[in-house]
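The sequence shown lines up with residues 89 to 305 when you count with the numbering used here. Glycine included, every Cβ here is placed at the ideal spot set by N, Cα and C. Everything numeric in this text was worked out from a predicted model, so none of it was measured.
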Amino acid sequence: MRMHRRVPLPAPDPATPWRAAEFCVVDLETTGLDLRRDEVVSFGAVVVRHGRIPCGETLYRPVRPGRAISVAAMTVHGLRAADLEGAPPLGDVLGDLVERLTGRVLVAHAAWVERAFLDRALRPRGRRLHPMLIDTAALLRAAGLAERDTGREPHLESAARRLGLPVHTPHHALGDAFTTAQLLLALATRLERSSPRQRARPLTAGQLVAVSRHHGH
């Protein structure tokens, strides 16, 4: 059987200085963490443009899943089946998120979760995520603010507070996306200033992606 090649979503030129590039910071809440079977119950997206967060371009959507929410997941995000009865299925609102992702670098905290769920959701559309992806958990390790090889991802809220950043509505998809967006800006600035090589020229979006990949799990 012939396999159809999935087309990646458009992304910026890797050589673009990070302050001139655009990013889409995404957070998902799900029915659980089985990457093959669990489903999205809400998503939040925050655009970062020219080193700023335009608050008028945020996106939040609750989603009605096709399977039960695990007790463990419900304990974290607090969303019950009753809360999502009137919500649309993911396929009906995925286009809103694809629009935000198009032409931007995807950013997430502990991005293996978002990458797996979003890539699976995009498959029926013949699309896939672009390889340009930034994990703020990996940037924390690169900046020496989180330990490697612990088997655990650095805690989002703790990392934000350590850097003096506000924490927005923990375990709510849009709140966590906001916190992650601020973390991205703080860490990109910190990494740029700490590198002697970057003092003469700006850090690029592609270099941030490479740092993230190198320090990722």
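- Item | Same chain only: Cβ atoms within 7 Å of residue 108, ignoring 5 sequence neighbours per side | Translated into the one-based positions of the sequence shown, residue 108 becomes position 20. Apart from sequence neighbours up to five positions away, the residues of its chain that approach residue 108 with a beta-carbon distance below 7 Å are 138, ordered along the chain.
- Query: Skipping 5 residues on each side, what residues in its chain have a beta carbon closer than 7 Å to that of residue 89?
  - Reply: Looking up residue 89 in the sequence shown gives position 1. Because residue 89 sits at a pLDDT of 45, beneath the cut-off of 50, its placement in the model cannot be relied upon, and the following sentence gives the value as read from the coordinates. Within the same chain, no Cβ atom closer than 7 Å to the Cβ of residue 89 is found once the five residues on either side in sequence are excluded.
- Message: Determine whether the beta carbon atoms of residue 262 and residue 183 lie at a separation below 8 Å.
- Response: On the sequence shown, residue 262 is found 174 positions in, with the first residue counted as 1. On the sequence shown, residue 183 is found 95 positions in, with the first residue counted as 1. Going by beta carbons, residue 262 and residue 183 fall outside the 8 Å limit.
- With distances taken from CA atoms, which of 235, 273, 238 is nearest residue 248? Position 160 of the sequence shown, counting from 1, holds the residue named residue 248. Nearest to residue 248 by C-alpha distance, out of 235, 273, 238, is 273.
- Task: Pull up the distance between the alpha-carbon of residue 276 and that of residue 164, whole angstroms please.
- Result: Within the sequence shown, the letter at position 188 stands for residue 276. Within the sequence shown, the letter at position 76 stands for residue 164. Going by the C-alpha atoms only, they are around 29 Å apart.
- Query: Using the C-alpha atoms, what's the distance from residue 299 back to residue 231?
  - Reply: What you label residue 231 is simply residue 143 of the sequence shown in a count that begins at 1. What you label residue 299 is simply residue 211 of the sequence shown in a count that begins at 1. The alpha-carbon atoms of residue 231 and residue 299 are separated by roughly 10 Å.
- Message: Given this structure, state the Cα-to-Cα distance separating residue 229 from residue 173, to the nearest angstrom.
- Response: Residue mapping note: residue 229 aligns to position 141 of the sequence shown, counting from 1. Residue mapping note: residue 173 aligns to position 85 of the sequence shown, counting from 1. Their backbone Cα atoms lie some 40 Å apart in a straight line.
- Query: Anyone know if the C-beta pair for residue 110 and residue 236 falls short of 8 Å?
  - Reply: One-based indexing of the sequence shown puts residue 110 at position 22. One-based indexing of the sequence shown puts residue 236 at position 148. Going by C-beta atoms, residue 110 is not nearer than 8 Å to residue 236.
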